[in-house]
Amino acid sequence: MIYSSHRPEGLPVVPAAEINSRIRRGQAVEQDGVRIEGDLELAGPGLADGGGGLLQVASPLTITNSLIEGMVSFSQGAFGGPVDFDGTAFQGPVRFVSSRFAGEASFAGARFVGEADFQGSAFDGPARFQESRFLGLASFEQSSFNGRLSFWKARFCRLASFRGAQFSGYASFWGARFGGPAYFYDSLFQGQASFWAARFDGPACFYQSGFQGDVHFNESRFAGDADFLRATFRGDASFGLARFDGRAYFGRSRFSRDADFTGAWFGGDVDFRESELIASGQQCRL
2 MIYSSHRPEG LPVVPAAEIN SRIRRGQAVE QDGVRIEGDL ELAGPGLADG GGGLLQVASP
62 LTITNSLIEG MVSFSQGAFG GPVDFDGTAF QGPVRFVSSR FAGEASFAGA RFVGEADFQG
122 SAFDGPARFQ ESRFLGLASF EQSSFNGRLS FWKARFCRLA SFRGAQFSGY ASFWGARFGG
182 PAYFYDSLFQ GQASFWAARF DGPACFYQSG FQGDVHFNES RFAGDADFLR ATFRGDASFG
242 LARFDGRAYF GRSRFSRDAD FTGAWFGGDV DFRESELIAS GQQCRL
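Numbering (this note's numbering), first residue to last: 2 to 287.
Below is the structure:
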């Protein structure tokens, strides 16, 4: 898929108030290749109760290959239809705190210049963030991904926090790059997870995380410390050809099936103290 470059020159201007009004009236929003002036927000009369304190947005919301110059305040929104921001650049902060996406939520190729806050949100359908760029802080803390998730080749320039997040389906971070700290501690991966060829330029924290399906860190690079203390691996754990430039902590971690570190390179201290390979007949390959 080819996404447009984020150049505002020549883009037709759409006032944010016009889009806000359509959302309040329950009308679909469909914009492509526009420049939106002003703030997008879920506010004002007309918004239905989505239950649980959420504001109902029943119609599809599509703003693709566009530039949003103001802030986006869609916290506590209940999005009943598909949400599509593919190829769109967000110049201001973006907030979807405690929101629920019933259908597909797509931000593929999107660019977040400011803070992107999805803390406590629920994605019930597929969530697509492949090739997205996060220039500011990215927070998905305590969020739940109940469908297929893709952060394929996503780029995080600063802190990326998935603390306490739950991933029910397949979660792909294949080729993702984390320029700052990457926090996944206390997260739970119930399906397969792929961090194949991911790069962590800062500390990577998977402290006390749970992997119930197979997980792949093959060919990943950890430039900072890698913390897997107290992590549990119930499926196969693959770290083949991974590179650990800093310290690697696997103390008190539990491996229920095969643990594969074939060809992995460790440049700093390695800690496997009190780790357990608890299933009989399983292998740990180094």
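We put the beta carbon where it would ideally sit given N, CA and C, even for glycine.
Predicted model only: the values in this text are computed from it and were never measured.
{"Check": "Using DSSP with H/G/I as helix, E/B as strand and the rest coil, what is S169?", "Outcome": "coil"}
{"Check": "Could you tell me which of S140, E38, D228 and R149 sits nearest to A103, measuring between CA atoms?", "Outcome": "R149"}
{"Check": "Taking its Cβ as the centre, do 16 or more other Cβ atoms sit within 10 Å of F247, making it buried, or is it exposed?", "Outcome": "Contrary to the premise, residue 247 reads as Gly rather than Phe in this sequence. Buried."}
{"Check": "Can you give me the C-alpha to C-alpha distance between G236 and A166, rounded to a whole angstrom?", "Outcome": "19 Å"}
{"Check": "Please report how far the alpha carbon of H217 lies from the alpha carbon of F256, in whole angstroms.", "Outcome": "14 Å"}
{"Check": "Starting from I64 and walking both ways along the beta strand (DSSP E), at which residues does that stretch end?", "Outcome": "L62 to T65"}
{"Check": "If you draw a straight line from the alpha carbon of G337 to that of A260, how long is it in whole angstroms?", "Outcome": "The question about residue 337 has no answer, for the chain in this structure spans 2 to 287."}
{"Check": "Smallest Cα separation from W153: which of S195, A161 and G121?", "Outcome": "S195"}
{"Check": "Quick one: residues in its chain with C-beta nearer than 6 Å to the C-beta of A177, no 5 flanking neighbours on either side, listed in chain order?", "Outcome": "F152, A155 and A199"}
{"Check": "Can you say whether V14 is buried or exposed, counting buried as having 16 or more other CB atoms within 10 angstroms of its CB?", "Outcome": "exposed"}
{"Check": "Where does A90 land, buried or exposed, given buried means 16+ other C-beta within 10 angstroms?", "Outcome": "buried"}
{"Check": "Could you check the C-alpha separation between E70 and I37 for me, to the nearest Å?", "Outcome": "6 Å"}
{"Check": "Which of the three DSSP states, helix, strand or coil, is assigned to I69?", "Outcome": "strand"}
{"Check": "Got a sec? Which residues, its chain only, sit under 8 Å from G180 by beta carbon, not counting five neighbours each side?", "Outcome": "R156, F157, C158, R159, D202 and G203"}
{"Check": "To the nearest angstrom, report how far apart Y4 and F108 are at their CA atoms.", "Outcome": "Its pLDDT being 36, under 50, Y4 is placed unreliably by the model, and the measurement read from it follows with that caveat. About 11 Å."}
{"Check": "Express the C-alpha separation of S67 and E105 in angstroms, rounding to a whole number.", "Outcome": "19 Å"}
{"Check": "Note down, in chain order, each residue of its chain lying with its Cβ closer than 6 Å to the Cβ of S254, except the 5 sequence neighbours on either side.", "Outcome": "F229, A232 and S276"}
{"Check": "Relative to the alpha-carbon of G27, which residue among S162, V271, S60 and A117 has its alpha-carbon at the smallest distance?", "Outcome": "S60"}
{"Check": "I believe L43 touches L56 by the beta-carbon criterion, under 8 Å. Please report the beta-carbon distance rounded to the nearest angstrom.", "Outcome": "5 Å"}
{"Check": "Taking its Cβ as the centre, do 16 or more other Cβ atoms sit within 10 Å of D270, making it buried, or is it exposed?", "Outcome": "exposed"}
{"Check": "Take the Cβ of P127 as the centre, count every other Cβ of all protein chains shown within 10 Å, and call the residue buried at 16 or more, exposed below.", "Outcome": "buried"}
{"Check": "By the three-class DSSP mapping on this structure, what secondary structure does A17 have?", "Outcome": "helix"}
{"Check": "Buried or exposed: W293, going by 16 or more other Cβ atoms within 10 Å of its Cβ?", "Outcome": "With the chain running from 2 to 287 in the structure shown, residue 293 is simply not present."}
{"Check": "Suppose you measure from the CA of F142 to the CA of F185; what does that come to, to the nearest Å?", "Outcome": "For the sequence presented, residue 142 should be read as Glu rather than Phe. Answer to the nearest angstrom: the Cα atoms are 9 Å apart."}
{"Check": "According to DSSP, simplified to helix, strand and coil, what is I24?", "Outcome": "helix"}
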